[in-house]
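Residues -20 to -1, 1 to 126 in mature numbering (1 follows the signal peptide of the UniProt record, and there is no 0) are what the sequence shown spells out, letter by letter. In this text, a Cβ means the ideal position worked out from N, Cα and C, and glycines have one as well.
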Amino acid sequence: MKPAIVFLILGLAAPLLTGAQDSSSLEQMRQAAARGSAADQLEMGILYEFGYNMPKNDVSALAWYLLAAEQGDELAIKRRDHLKSRMKPDEVEAAQKLSPELIAQKPEPTAIPPSAEPAPAPTEPASPSEAPPAGPANVDKPSSTP
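Take a look at the structure:
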C-alpha cells in the first residue's frame, strides 16, 4: 500500500514539477511561496522532500509544508504529518523555527526600470543670468497672404 501512496503523490506533483525545470523558475516559485502562495509552499516542500532539482532536505521540506498546512492545504497537511512521523524531534523543532524565517525573506518588490520612469519636469533657471535671452514678445511677421 505504501508504494501506491508514493506513486499517487508523485502523480499529483508531476504537473507542478514540469514548470520548475530551470533555476529562474525555481526562484520564481520560491518567491511566490515566500509571498504566501500555499500551492508554491507545497511545491517547495515536495521538491525538498524528494530532492527534485535541489538537495533532499526533510527539515526544509517540513518547514514549507507547515506554512502551506497553516493555510489549510490538504495535501500539505498529509505530507506534514507523514514527514513529522519519520523525523527526530530536534529536526521537527528546526523546521518549526525555519518556517517563519522563510516567510520573513519575502522578496523585495521589483524596481521600476529606468526607461519606465517618467521624465523629470523641466525646471526654471536658478538665476536670471542662466535664463535664455528673451526675444520680442509680439513681433509682426509679414504675412504671405494678401
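If contacts are defined as beta-carbon pairs under 8 Å, then residue 42 and residue 72 qualify, I think. What distance do you get, rounded to the angstrom?
Contact holds; Cβ gap of about 7 Å.
Cβ-based neighbour list, residue 60, same chain, cut-off 7 Å, excluding 5 preceding and 5 following
Cβ within range, chain order: 42, 45, 46, 49.
Just the Cα atoms here: how many angstroms apart are residue 80 and residue 4?
The alpha-carbon atoms of residue 80 and residue 4 are separated by roughly 23 Å.
If contacts are defined as beta-carbon pairs under 8 Å, then residue 78 and residue 40 qualify, I think. What distance do you get, rounded to the angstrom?
The beta-carbon separation of residue 78 and residue 40, rounded to 7 Å, stays under the 8 Å limit for a contact.
Member of 15, 12, 63 whose CA lies at the smallest distance from the CA of residue 29:
Checked all of 15, 12, 63; the closest Cα to residue 29 is 63.
Boundaries (first-last residue) of the alpha helix (DSSP H) holding residue 40:
Secondary structure note for residue 40: its alpha helix (DSSP H) is the uninterrupted segment 38 to 50.
Continuous alpha helix (DSSP H) stretch holding residue 128: start and end
There is no way to answer for residue 128, as the model of the chain reaches only from -20 to 126.
Simplified DSSP assignment, three categories, for residue 67:
Residue 67: coil per DSSP, three-state reduction.
Contact check, residue 22 vs residue 70, beta carbons under 8 Å
One thing to note: residue 22 has its Cβ no nearer than 8 Å to the Cβ of residue 70.
Rounded to whole angstroms, what's the CA-CA distance from residue 8 to residue 74? Just pull it up for me.
For residue 8 and residue 74, the distance between alpha carbons rounds to 25 Å.
Enclosing alpha helix (DSSP H) for residue 10 [first to last residue]:
Taken as a continuous stretch (DSSP letters only), the alpha helix (DSSP H) holding residue 10 covers 3 to 14.
Shortest alpha-carbon distance to residue 56 belongs to which of 36, 11, 20, 2?
Checked all of 36, 11, 20, 2; the closest Cα to residue 56 is 20.
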